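Chemist: Quick one: the structure is below, questions incoming.
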Amino acid sequence: MPPAYNHVVKHVAVLGAGIMGVSTALFLARGGARVTLVDAAPAICAGASRWNEGKIHLGHLYAADPSLRTAHRLLPGGLAFRPLIESLIVQRLTPAIATAGDLFLVHRRSVVDADAAHRYYEAVTRLAATHPAATHYLEPLRDARVERVEAGALDALANRDEIVAGFRVPERSVSTRWVADRLAAAVAAEPGIDVRLSTRVTGLTMGPAGFDGPLTIVTPDGADGPFDAVVNALWEGRVALDAAVGLAPPPAWSYRYRVAVFLDTTTPVTIPNVVIATGPFGDVKNYDGRSLYLSWYDTGLLAHGTGPSLPPVPPLDGAAAARLADDVIAHLGGLLHGVADLPSLTAARHVAGGWVVAAGHGALDDPASTLHRRDRIGLTRHGRYLSVDTGKYSVAPWLARAVADAIL
Ligand SMILES: Cc1cc2nc3c(=O)[nH]c(=O)nc-3n(C[C@H](O)[C@H](O)[C@H](O)COP(=O)(O)OP(=O)(O)OC[C@H]3O[C@@H](n4cnc5c(N)ncnc54)[C@H](O)[C@@H]3O)c2cc1C
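Residue numbers (the working numbering): 1 to 408.
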């Protein structure tokens with residue numbers, strides 16, 4: 001049993017100002033704690049939490065985990081995302097929600113065949129629709145169903161030499177850039193949070209009571225603390241800090257640096273929200289007709305490694321980013337009608353991304369790869385040191401609530 005805290009106001013260091021750290025800091029500060037929020041980047045939500053596709057997972061993506069363990073793990077966080085984020089940013093999420101649900105298109109080289117994928121999508125949709133929190137999702141799920149796209153409609157959408165089946169599922173996405181701006185504004189408006197940007201955390205020191213006593217963080221500028229509790233929400237830096245305080249890493253671990261194309265159009269386009277399933281393929285998000293996310297897995301995978309340290313990310317100058325964006329659009333354009341027209345309709349485009357950290361190994365074209373699972377995520381606690389593996393953007397506010405409750 002960790003000792004009870006008997007301070008009136010707790011002073012907590014939250015390390016990492018992505019969606020995980022920011023949500024934790026806001027819950028803690030509003031619960032009466034004093035928070036020091038530290039990040040190596042010069043801005044809040046500058047990495048993966050700003051530059052991702054914003055799928056608010058119900059579990060459909062993990063068809064290669066038919067045990068449904070991943071779906072069970074991700075579902076409560078996905079259902080809680082909207083109410084929790086709305087409470088954090090103190091406004092409705094509606095403007096950020098993609099105007100339509102996802103279409104899962106099964107590639108001929110999918111690691112899960114179309115019939116098995118169909119059964120899996122139906123099982124996940126049933127789980128979501130019958131969950132007590134089903135009404136909290138981005139769209140009401142009570143009557144949600146999976147619809148198989150008829151052959152004629154599929155011909156009109158996709159290259160049928162490559163795409164063997166299509167299913168409409170109720171899963172939706174949000175614009176993570178929109179959310180990141182509102183989270184940064186919420187932090188700026190919160191007097192209980194002291195923000196230290198451009199500050200890299202390199203270690204942690206503790207007194208004779210170890211993790212059960214006060215903790216001090218170490219940065220290149222010196223020591224900062226003592227704190228009543230420290231939350232490690234460093235994502236790509238998390239395992240390294242855990243190791244620095246003597247905690248063993250999990251048995252399998254991998255880092256991937258992935259980028260995608262964030263594109264604004266001059267006129268509204270009707271390209272659907274698509275996931276090419278299941279394997280190293282791509283996605284299209286069309287949030288509001290004019291603001292899109294486009295990814296092609298192999299093109300956007302700039303670095304990968306299995307630890308203990310992060311693999312180097314090659315620099316991406318303007319010309320390399322332009323070539324990468326063209327390549328993503330060419331791959332997706334070969335599969336989805338309408339995508340090849342995007343270059344002539346582009347007002348602005350930006351290539352950006354972040355780290356994907358997963359407690360798994362292998363390659364996405366291997367059905368046995370443990371990257372097809374995301375059930376081993378969440379909070380590990382040692383006294384006053386709490387280390388949290390976010391796992392997915394969509395579960396971050398829900399995990400943050402649990403981290404803050406554990407401290408308060
Ligand atoms: C291309 C892409 C698409 C994705 N799509 C989805 C999706 O559709 N849905 C979904 O749910 N998830 C998705 N993800 C995963 C999702 O982005 C992450 O799970 C989530 O953003 C992690 O949030 P976080 O706050 O833990 O990490 P981050 O946002 O990365 O924040 C961690 C912060 O820690 C800081 N940091 C790291 N080390 C140190 C250190 N030593 N000292 C100080 N600061 C440090 C970093 O600067 C960073 O700001 C995607 C990821 C990528 C890259």
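We put the beta carbon where it would ideally sit given N, CA and C, even for glycine.
From a predicted model like this one, the values you see are computed outputs, not experimental measurements.
I'd like to know whether the C-beta atoms of R142 and A129 end up nearer to each other than 8 Å.
Modeler: Contact flag set, yes.
Chemist: Compute the distance between the beta-carbons of T265 and T176, then report whether it is under 8 Å.
Modeler: No, Cβ-Cβ distance for T265 and T176 is not below 8 Å.
Chemist: Taking only three categories from DSSP, how would you classify L28?
Modeler: DSSP places L28 in helix when its eight states are reduced to three.
Chemist: Can you list, in chain order, the residues of its chain with a C-beta nearer than 8 Å to that of H421? Leave out the 5 residues immediately preceding and following it.
Modeler: Any property of residue 421 remains undetermined from this structure, which presents the chain solely from 1 to 408.
Chemist: What is the residue span of the beta strand (DSSP E) that I276 lies within?
Modeler: Per DSSP, I276 belongs to the beta strand (DSSP E) from V274 to A277.
Chemist: Less than 8 Å between the CB atoms is what I'm expecting for R290 and A325, so what's the real figure, rounded?
Modeler: Contact flag wrong, Cβ pair sits at about 17 Å.
Chemist: In the DSSP output, what is D389 paired with across the bridge?
Modeler: G378.
Chemist: Between which residues of its own chain and R258 is the CB-CB distance below 6 Å, once the five residues before and five after are set aside?
Modeler: Hits under 6 Å: G300, L301, G353 and V356.
Chemist: Using only the alpha-carbon positions, how far apart do I19 and C45 sit?
Modeler: Spanning the two alpha carbons is a distance of roughly 6 Å.
Chemist: Can you give the Cα-Cα distance for H337 and V261, rounded to whole angstroms?
Modeler: Whole-angstrom Cα-Cα distance: 18 Å.
Chemist: Report buried or exposed for D405, applying the criterion of at least 16 other Cβ atoms within 10 angstroms of its Cβ.
Modeler: D405 is exposed by the Cβ-count criterion.
Chemist: Residues in its own chain within less than 7 Å of V403 by CB, not counting five upstream and five downstream?
Modeler: Answer for V403: T24, V231, L379, L386 and V388, listed in chain order.
Chemist: Can you tell me whether DSSP reads W253 as helix, strand or coil?
Modeler: Residue state, collapsed to three classes: coil.
Chemist: In its own chain, which residues sit with a C-beta less than 6 Å from the C-beta of V195, not counting the 5 before and 5 after it?
Modeler: Only L37 meet the Cβ criterion.
Chemist: Run the proximity test for T390: is its beta-carbon closer than 7 Å to any non-hydrogen atom belonging to ligand 1?
Modeler: At least one heavy atom of ligand 1 is nearer than 7 Å to the Cβ of T390, so yes.
Chemist: Starting from the Cα of L364, find the closest Cα among F281, P83 and P76 and give me that residue.
Modeler: With distances taken between Cα atoms, L364 lies closest to F281.
Chemist: Taking the alpha-carbon of G78 as reference, which of H118, V124 and V111 has the nearest alpha-carbon?
Modeler: Minimum Cα distance to G78 is reached at V124.
Chemist: Might you give, ordered along the chain, the residues of its own chain that have their beta carbon closer than 7 Å to the beta carbon of P311, omitting 5 neighbours on each side?
Modeler: If we look at P311 and ignore the five residues flanking it on each side, its Cβ neighbours are Y255, A303, H304 and G305.
Chemist: Comparing the CB of N286 with every heavy atom of ligand 1, is any distance shorter than 7 Å?
Modeler: For ligand 1, not one heavy atom lies less than 7 Å from the Cβ of N286.
Chemist: DSSP puts R349 in a beta bridge; with which residues?
Modeler: DSSP output for R349 lists L263 as bridge partner(s).
Chemist: Does any heavy atom of ligand 1 sit closer than 7 Å to the C-beta of G354?
Modeler: Because some heavy atom of ligand 1 lies under 7 Å away, the Cβ of G354 counts as near it: yes.
Chemist: Please name the residue in G225, V395, L335 and A340 whose C-alpha comes closest to that of H107.
Modeler: Comparing Cα-Cα distances from H107 to each of G225, V395, L335 and A340, the minimum goes to L335.
Chemist: For A400 and T70, I'd like the C-alpha separation in whole angstroms.
Modeler: Their backbone Cα atoms lie some 19 Å apart in a straight line.
Chemist: Would you check if the segment 107-120 and the segment 269-284 touch, i.e. whether three or more CB-CB distances between them fall below 8 Å?
Modeler: Touching, per the Cβ criterion.
Chemist: Report yes if the C-beta of G21 is less than 7 Å from at least one heavy atom of ligand 1; otherwise report no.
Modeler: For ligand 1, at least one heavy atom lies less than 7 Å from the Cβ of G21.
Chemist: In the DSSP assignment, the alpha helix (DSSP H) including A128 goes from what residue to what residue?
Modeler: Taken as a continuous stretch (DSSP letters only), the alpha helix (DSSP H) holding A128 covers A114 to A129.
Chemist: Spell out the partners DSSP gives K285 in its beta bridges.
Modeler: K285 pairs with Y293.
Chemist: Enumerate in chain order the residues of its own chain whose CB-to-CB distance from G391 is below 6 Å, with the five nearest sequence positions on each side excluded.
Modeler: Taken in chain order, the residues that qualify are R374 and I377.
Chemist: Could you tell me which residues DSSP puts in a beta bridge with F211?
Modeler: BP columns for F211 are empty, so no partner.
Chemist: Put W235 into one of helix, strand or coil per three-state DSSP.
Modeler: Residue state, collapsed to three classes: helix.
Chemist: On the DSSP bridge list, what partners appear for I44?
Modeler: According to DSSP, which records beta bridges pairwise, I44 is partnered with nothing at all.
Chemist: Can you tell me whether G318 is buried or exposed? The criterion is at least 16 other CB atoms within 10 Å of its CB, across all chains shown.
Modeler: With fewer than 16 Cβ atoms within 10 Å of its Cβ, G318 is classed as exposed.
Chemist: Between G307 and the rest of its own chain, which residues show a CB-CB distance below 8 Å, the 5 nearest in sequence each way excluded?
Modeler: Result list for G307: V239, P249, W253, S254 and Y255, in chain order.
Chemist: Could you tell me the distance, in whole angstroms, from the CA atom of T135 to the CA atom of H361?
Modeler: Rounded to the nearest angstrom, the two C-alpha atoms are 35 Å apart.
Chemist: Mind checking whether the beta-carbon of E171 lies closer than 7 Å to any heavy atom of ligand 1?
Modeler: Checking every heavy atom of ligand 1 against the Cβ of E171, none is found closer than 7 Å.
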